[in-house]
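A.B. asks: Structure provided below as structure tokens; questions to follow.
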């Protein structure tokens, strides 16, 4: 698959989205626009399978010596099950990003992504940004029948104690530690 977007050539090779930044090496410190679409496979998020619409990226890249700065916006829609009624639910994901790619990057320790030659692999960055912004739980909306049924139960008389409501005979195993920490240090 080969597409030409203004100044950037984007190719998809072996399910890896590659952004060609060779023009940035010719004119360093010049911003070049780019657009890309990345397909993500379904992901396991907290034991639930979450799928994503194709992820759209747009923005600009700038080359500074051996570092490439990618700035722009990521947009997609995440699909999962409603945490209340288990019906299909969706959540839009829109993220403004500014990411650094380096040739000598250690992706496990550094806060930047690795690239080789004059091409940036976008898959790892897109997956990272998308998962970090995916909601922990999905809600199918205000018309969720299960949520309407559970609302009175959730608003019923409280079953927990608030500050000052606790009986005096409550056992607190670590209360003695607080007393020790509050004591003034002894001179020896």
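Numbering (our numbering), first residue to last: 1 to 188. Cβ coordinates follow ideal geometry from the N, Cα and C atoms, glycine included.
On a Cα-Cα basis, can you pick out the residue from 47, 144, 143, 103 that is closest to residue 119?
C.D. replies: 103
A.B. asks: For residue 124, collect the residues of the same chain with a Cβ closer than 8 angstroms to its Cβ; drop the 5 residues on either side in sequence, then sort them by chain order.
C.D. replies: 107, 113
A.B. asks: Please name the residue in 62, 55, 91 whose C-alpha comes closest to that of residue 99.
C.D. replies: Residue 62 is the option with its Cα nearest to residue 99.
A.B. asks: So if DSSP puts residue 60 in a beta bridge, which residue, or which two residues, is it bridged to?
C.D. replies: DSSP lists 33, 71 as partners of residue 60.
A.B. asks: So the candidates are 133, 86, 25, 116; which of them puts its Cα closest to the Cα of residue 74?
C.D. replies: 133
A.B. asks: Exposed or buried, what is residue 49 when buried is set at 16 or more other beta-carbons lying within 10 Å of its beta-carbon?
C.D. replies: exposed
A.B. asks: Strictly by DSSP, which residues pair up with residue 20?
C.D. replies: 119
A.B. asks: Spatial neighbours of residue 22 within its chain, please: C-beta separation below 6 angstroms, excluding the five flanking residues on both sides.
C.D. replies: 118
A.B. asks: Which residues does DSSP list as the beta-bridge partners of residue 80?
C.D. replies: 89
A.B. asks: Inspect the beta-carbon positions of residue 76 and residue 97 and report whether they are closer than 8 angstroms.
C.D. replies: no
A.B. asks: Beta strand (DSSP E) containing residue 43: first to last residue?
C.D. replies: Per DSSP, residue 43 is one residue of the beta strand (DSSP E) stretching across 43-45.
A.B. asks: Quick check on the burial criterion: 16 or more other C-beta atoms within 10 angstroms. Buried or exposed for residue 46?
C.D. replies: exposed
A.B. asks: Counting beta carbon pairs with one atom in the region 80-88 and one in the region 54-72, are three or more of them shorter than 8 angstroms?
C.D. replies: Inter-segment contact for the region 54-72 and the region 80-88 is absent: fewer than three beta-carbon pairs are separated by less than 8 angstroms.
A.B. asks: Identify, in the order they occur along the chain, each residue of the same chain with its Cβ nearer than 8 angstroms to the Cβ of residue 116, setting aside the five sequence neighbours on each side.
C.D. replies: When the five nearest sequence neighbours on each side are left out, the beta carbons in the same chain lying within less than 8 angstroms of the beta carbon of residue 116 are those of 103, in order along the chain.
A.B. asks: Which residues in the same chain as residue 182 place their Cβ atom closer than 8 angstroms to its Cβ, once the five residues preceding and following it in sequence are excluded?
C.D. replies: none
A.B. asks: Anyone know if the C-beta pair for residue 19 and residue 127 falls short of 8 angstroms?
C.D. replies: no
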